[in-house]
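These protein sequence lines map, in sequence, to chains G and L.
So the first sequence is numbered by our numbering: it starts at 21 and just counts up by one.
So the second sequence is numbered by our numbering: it starts at 71 and just counts up by one.
Backbone N, C-alpha and C define an ideal beta-carbon position, used for all residues, glycine too.
Predicted, not measured: the structure shown is a model, and the values here were computed from it.
Reading through the C-alpha cells given below for one structure.
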Amino acid sequence: MRFAVLGIIALIVILTVSAIPNNADIPIPAGYSGFDARERRIQTTPYSRAFQFGDLYRKDLVTFGSKGPNSRLLLTGAKSAFSGVFNLDTNAFFNQGRNPSRISNSDPRMRGFSRVDVSVPLEPLNVVLYENSVAAPRGTARLVQRGGNEWGSSNLDDFESQIFIQATDLPTIGNDEVYEAWLFDDETEYAMSLGILEFGSQKLTATLVFNIQRLITPFDAVMITREPLIDEDPTPGEIILYGQIPKGRTQLPVPTTYASRRLR
Amino acid sequence: MKKFFALLAFAILALPAFAALSDDYVSPFKFPKRQGVERVTHYDARINAQQVDTFVYLEAAYDFDALYSSGRGGYAPIFPRGTARVKSSVWNGATESYVLLKTKDLPPSARVGGLFEAWLVDDDTGYRLSMGTFITTFGGSGELSYHINRYLGPYDRIEVTIEPFNDLDLTPGPPVISGDIPKSKWFTPHAKSSKLAKGPFESIN
Chain G
21 MRFAVLGIIA LIVILTVSAI PNNADIPIPA GYSGFDARER RIQTTPYSRA
71 FQFGDLYRKD LVTFGSKGPN SRLLLTGAKS AFSGVFNLDT NAFFNQGRNP
121 SRISNSDPRM RGFSRVDVSV PLEPLNVVLY ENSVAAPRGT ARLVQRGGNE
171 WGSSNLDDFE SQIFIQATDL PTIGNDEVYE AWLFDDETEY AMSLGILEFG
221 SQKLTATLVF NIQRLITPFD AVMITREPLI DEDPTPGEII LYGQIPKGRT
271 QLPVPTTYAS RRLR
Chain L
71 MKKFFALLAF AILALPAFAA LSDDYVSPFK FPKRQGVERV THYDARINAQ
121 QVDTFVYLEA AYDFDALYSS GRGGYAPIFP RGTARVKSSV WNGATESYVL
171 LKTKDLPPSA RVGGLFEAWL VDDDTGYRLS MGTFITTFGG SGELSYHINR
221 YLGPYDRIEV TIEPFNDLDL TPGPPVISGD IPKSKWFTPH AKSSKLAKGP
271 FESIN
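Structure (C-alpha cells):
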C-alpha cells in the first residue's frame, strides 16, 4: 500500500517535472534585424560569449540606444552597438578584479583586436648605486593604445597611444640636465623618445604625459635616462630607470593577418 | 747720429713686414667675418633663446623627376610633396616642440595597402625619431601632428616612409618624401648653466 502511494507520488512528480519546457522548445529567433537578430547571432555564433560560457555571461545591453554606441565605446575601440558577438574579455582601462564577466582565457586571435593597456613598474637599472640612500628611484608607466582594430571597425587606422609616467626619488641633477623617457624595442634596439619629465615643486616627483599617433605594440620596455637639456646627440644616455612592458593577453605578438587590407 | 737713430727707428718699424709676409699671419682678408650675434663677445643667450621655427618642404625621395613633364611650367602635374611646420623652443629649462606635416599626391593608402610614417632624422648620429603614422586618402593627402616636450634642434631632416598596416617592425620602410630642416644661419650659443634661472621656487626656499 505504501509503495503504491509512493509510486503514485513519484509518477506525479515526474510528470510535473517533465512538463517544464526545455531549451529545445524555445525556437531560435528568425528575424533579420533588431532584437531578434542579436539574439540569434548570440545563440548561434560559436565564438560568442553566451555560446561558450552560457547565458549567465552575457553582457548587458546597456547604453546602446537606437542611435548607436556612445563615445566611450567608440574611443575604446569597441565593436558597434549592432554586433551581437562583442566578446572581448574586458573593455575598460582599469583592472577588472573579481568581475565575473571578465574572461580570463580570452585569445585575441579569435575575435577582436590587439590592444595595449598595461601598467609598467620602473625599477632602477643599477640598484647598487642606491644602497646607501634612503629610497631608490622608482616609477610607473601607464601605456594605453586605442584604435587600429582588425575587424571592420571604423577607426582602423586612427591610432592613438598615450603614455603616462610618474617617477619619484630621482637623483638630483643640475639645471642643464633633464630626465627623458623612452620606449625601447629589443628586436631592433630602437629607442623612441617620449620627451622630458617635468618636475613638481621641490623636485620630488617627475611626470610625463605623451600622446602619439602610432602603435606602441612593438615596444618592449620603458626607460628613463639622464640627458643634457640641449642635447646634440638625440640617442639615449645613462639609463636610470627601466621597466619591461608585460605582454597582456589582449596583445598580439604578430599581426592577425598578413594579407593586404582595404580601407572603405 | 740723428741719421743712425732715424735708420734704427725705421728698421724697428719695418720688422712687422716679416710677420705680414709669413703664412701664419691672419689678415682681415683671411679671417671670416662673423655676422649676427656671433660678433658680440658678451652675448647672453637668454635674450634670443634657441628655437626652431621654420617650414620644411618635402620632395620625392625616390627617383622622380618633377621638372621634366607635361604639366604647366614643365612640372609634373602629380608629384609627391609635403610641407612640415616645425616649431621647437627651449627656454628656462622648458622645452616644447610641434611638428605639423601635410602631404599631397602620395600613393593613396587604400590603393597600396599601407600607411605612412614620419621621422625626424639626425644625419650626424643616424638616429630617427618616429613622429607617428598616418594614412593618405584619395589624392594622396594626409596629415600628421606631433607634439613632444623636447628640443628638436639636433634633427636635420624630415622623412616620410611607407609601412605596412599593423607593422610590428620598427625599421623604416622605403622613403617616399623627405626634406631638410633649414637651420638658422646665425650662431646661437648655448646659455651658460650658471646664468640659467634655477626655478620658480628657488627664492622661497
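Cβ proximity to chain G below 9 Å picks out Pro234, Phe235, Asn236, Asp237, Leu238, Asp239, Leu240, Thr241 from the region 227-254 of chain L. DSSP places L/Thr124 within a strand segment (E or B) once states are collapsed to three. Not a single CB atom of chain G sits nearer than 8 Å to the CB of L/Pro177.
Scanning chain G for C-beta atoms nearer than 8 Å to the C-beta of L/Gln120 yields Ile250, reported in chain order.
Within the region 134-194 of chain L, the complete beta strand (DSSP E) segments at least 3 residues long are 151-161, 164-174, 184-192, listed from N- to C-terminus. For G/Gln165, the enclosing beta strand (DSSP E) covers residues 158-166.
G/Tyr150 and G/Glu200 have their alpha carbons spaced roughly 20 Å apart.
Closer than 8 Å to the CB of L/Val160 there is at least one CB belonging to chain G. Within its own chain, the residues whose Cβ lies closer than 7 Å to the Cβ of G/Gly51, once the five positions on either side in sequence are excluded, are Ala57, listed in chain order.
Take the alpha-carbon of G/Asn231 and the one of L/Thr203: they are about 12 Å apart. Three or more Cβ pairs drawn from the region 161-177 of chain L and the region 139-151 of chain L lie within less than 8 Å of each other, which places the two stretches in contact. Neighbours of L/Pro224 in chain G, taken as residues whose beta carbon is under 8 Å from its own, are Asp251, Glu252, Asp253, Pro254 in chain order. Interface flag for L/Leu199 against chain G is set, since a Cβ pair is found closer than 8 Å.
Counting along the chain, G/Phe230 sits inside the beta strand (DSSP E) bounded by residues 225-232. Under DSSP, G/Met243 takes part in a beta bridge, and its partners are G/Trp202, G/Tyr262. A direct Cα-to-Cα measurement between L/Lys73 and L/Ile82 gives close to 14 Å.
Close CB contacts of G/Thr255 within its chain, under the 8 Å cut and outside five residues either way in sequence, are with Ala211 (chain order).
The beta carbon of L/Arg220 sits closer than 8 Å to some beta carbon of chain G.
G/Ser38 sits in a helix when the DSSP states are folded into three classes. Cβ contact annotation for G/Glu218 (same chain, cutoff 8 Å, sequence separation greater than five): Ala226, Thr227, Leu228, in chain order. Straight across, the Cα-Cα distance linking G/Ile183 with G/Val164 is about 6 Å. Excluding residues up to 5 positions away in sequence, Gly159, Thr160, Thr225, Thr227 lie with their Cβ nearer than 7 Å to the Cβ of G/Gln186 in the same chain.
Residues of the region 227-238 of chain G whose Cβ lies closer than 8 Å to any Cβ of chain L, in chain order: Leu228, Phe230, Asn231, Ile232, Gln233, Arg234, Leu235, Thr237, Pro238.
For L/Thr203, the C-beta contacts it makes with chain G under 8 Å involve Asp177, Phe179, Gln233, Arg234, Leu235, in order along the chain. For G/Asn146, the number of other beta carbons within 10 angstroms of its own is below 16, and it is reported as exposed.
Proximity of L/Leu128 to chain G, defined by a Cβ-Cβ separation below 8 Å, is not satisfied. Taken through DSSP and simplified to helix, strand or coil, L/Leu238 comes out as coil. Put simply, the region 237-250 of chain L touches the region 236-256 of chain G. At least three CB pairs are less than 8 Å apart.
Counting other Cβ atoms within 10 Å of its Cβ, L/Ala84 stays below 16 and is therefore classed as exposed. Rounded to the nearest whole angstrom, the C-alpha separation of L/Pro147 and L/Ala180 is 21 Å. Taking C-alpha positions only, G/Leu76 is separated from G/Arg69 by approximately 10 Å. Around the beta carbon of G/Pro47, fewer than 16 other beta carbons lie within 10 angstroms, which makes this residue exposed. Here G/Arg58 carries a helix assignment [DSSP, helix/strand/coil]. Secondary structure at L/Ser200: strand, using DSSP grouped into helix, strand and coil.
Check the Cα spacing between L/Asp194 and each of G/Ile216, G/Ile244, G/Asp253, G/Leu249: the tightest is with G/Asp253.
Any Cβ of chain G closer than 8 Å to the Cβ of L/Leu214 would place that residue at the interface, and such an atom is present.
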